[in-house]
Ligand code: ADP
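Residue numbers (the numbering used here): 19 to 280.
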């Protein structure tokens with residue numbers, strides 16, 4: 019009898035302990051959610067506060083560089099152009115931070131419509147032609163005939179494709195070709211962007227979709243970036259119920275894939 023009583027007492031104690039732990043975990047979770055919301059709010063306020071003076075600076079620099087306010091020596095012009103580029107990079111970083119923050123906080127609005135992915139690809143290519151040419155990179159596109167429309171938000175898919183193509187150009191040192199393929203894959207469209215760039219070291223491959231992660235390959239190359247591009251790509255494609263993945267080998271290049279429901 020004594021043994022049974024002891025067992026029952028033990029069971030009751032364990033039960034109470036579990037309830038207490040459960041409560042502690044719920045409270046810790048709430049605290050974490052609160053901290054996360056505060057962090058998002060902080061990033062949003064800082065980014066918005068930075069954007070206004072950076073935009074002001076952009077127009078001032080542009081006006082002085084253009085010579086509207088008086089003639090400039092070649093040295094002065096060169097320094098001002100450098101400052102303009104740095105300012106542009108800061109604006110891009112702030113915009114990336116705001117975009118990723120909005121995405122994470124679930125505040126992004128989606129406007130799903132039937133869209134033609136090939137038109138969008140052509141338009142992004144047009145915007146990036148100059149940068150690719152500057153690095154001696156040729157971009158080819160192969161598309162299957164009669165591709166169906168996809169139900170997607172064109173602005174978000176533009177962002178996805180732009181981030182992938184920007185990376186393909188950025189992480190190619192020079193002269194490598196880039197190939198874009200669009201084809202059907204069952205009920206999906208499969209879009210891939212292949213480059214012959216520096217490739218991603220095996221041990222870093224698990225991290226590259228993580229927010230703010232920049233690979234040692236990228237840092238070594240001294241390229242600009244916030245480490246937010248692929249985080250944004252993966253999240254936007256997930257919101258479209260598609261998938262994102264990649265294959266990469268150091269020195270050989272990388273191929274990034276994403277799918278969209280047809
Ligand atoms: P960012 O380019 O701003 O660093 P991303 O989120 O777009 O950030 O990419 C994360 C990391 O993945 C990069 O820092 C780089 O190490 C690696 N990466 C992405 N795309 C490529 C690519 N096409 N070739 C080689 N490395 C890449």
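A virtual CB, placed ideally from N, CA and C, is assigned to each residue, including glycine. All values reported here derive from a predicted model rather than from experimental measurement.
{"query": "Who are residue 132's beta bridge partners in DSSP?", "result": "169"}
{"query": "Along the chain, where does the beta strand (DSSP E) that runs through residue 201 open and close?", "result": "196-203"}
{"query": "In chain order, what residues of the same chain lie with their CB nearer than 7 Å to the CB of residue 177, ignoring the 5 residues before and after it?", "result": "250, 254"}
{"query": "Can you tell me which residues form a DSSP beta bridge with residue 271?", "result": "267"}
{"query": "On the premise that residue 113 lies in contact with residue 62, defined as a C-beta separation below 8 Å, what is that separation, rounded to the nearest angstrom?", "result": "Not quite, the Cβ-Cβ distance comes to about 12 Å (not below 8 Å), so this is no contact."}
{"query": "Let me confirm a value: residue 191 is counted as buried when at least 16 other C-beta atoms fall within 10 Å, else exposed. Which label applies?", "result": "exposed"}
{"query": "Using the beta-carbon count (16 or more within 10 Å), is residue 81 buried or exposed?", "result": "exposed"}
{"query": "In angstroms with no decimal places, state the Cα-to-Cα distance between residue 204 and residue 133.", "result": "18 Å"}
{"query": "Taking three-plus beta-carbon pairs below 8 Å as touching, is the segment 226-244 in contact with the segment 87-104?", "result": "no"}
{"query": "Check the DSSP bridge columns for residue 160 and list the partner residues they point to.", "result": "199"}
{"query": "Within 10 Å of its beta-carbon, does residue 144 have 16 or more other beta-carbons around it, so buried, or fewer, so exposed?", "result": "exposed"}
{"query": "Would you give the residue range spanned by the beta strand (DSSP E) that residue 249 belongs to?", "result": "Where residue 249 is concerned, there is no enclosing beta strand (DSSP E), although the alpha helix (DSSP H) it sits in stretches over 247-257."}
{"query": "The alpha helix (DSSP H) that contains residue 97, what's its start and end?", "result": "92-122"}
{"query": "Taking 8 Å as the limit between beta carbons, can you name the residues of its chain near residue 206, skipping five residues before and five after?", "result": "260, 277, 278, 279, 280"}
{"query": "How should residue 35 be labelled, buried or exposed, when 16 other C-beta atoms within 10 angstroms of its C-beta is the threshold for buried?", "result": "exposed"}
{"query": "Using DSSP bridges, identify the partner residues of residue 209.", "result": "200, 276"}
{"query": "Less than 8 Å between the beta carbons of residue 115 and residue 244, yes or no?", "result": "yes"}
{"query": "Measuring from each Cβ to the nearest heavy atom of ligand 1, keep the ones under 7 Å and list them in chain order.", "result": "181, 185, 186, 188, 189, 213, 215, 216, 217, 218, 222, 226, 231, 232, 233, 235, 236, 241, 243, 244, 245, 246, 247, 248, 249, 266, 272, 274"}
{"query": "How do the segment 211-223 and the segment 232-240 stand: do at least 3 beta-carbon pairs fall below 8 Å, yes or no?", "result": "yes"}
{"query": "Let me check one thing: in DSSP terms, what residues is residue 262 bridge-paired to?", "result": "276"}
{"query": "Below 8 Å on the Cβ atoms is my guess for residue 158 versus residue 197; work out the distance and round it to an integer in Å.", "result": "5 Å"}
{"query": "Output yes or no for whether 8 Å exceeds the beta carbon distance between residue 266 and residue 223.", "result": "yes"}
{"query": "So which of 49, 247, 188, 122 has the shortest CA-CA distance to residue 154?", "result": "188"}
{"query": "Can you tell me where the alpha helix (DSSP H) holding residue 226 begins and where it ends?", "result": "Taken as a continuous stretch (DSSP letters only), residue 226 belongs to no alpha helix (DSSP H), as it is neither H nor E."}
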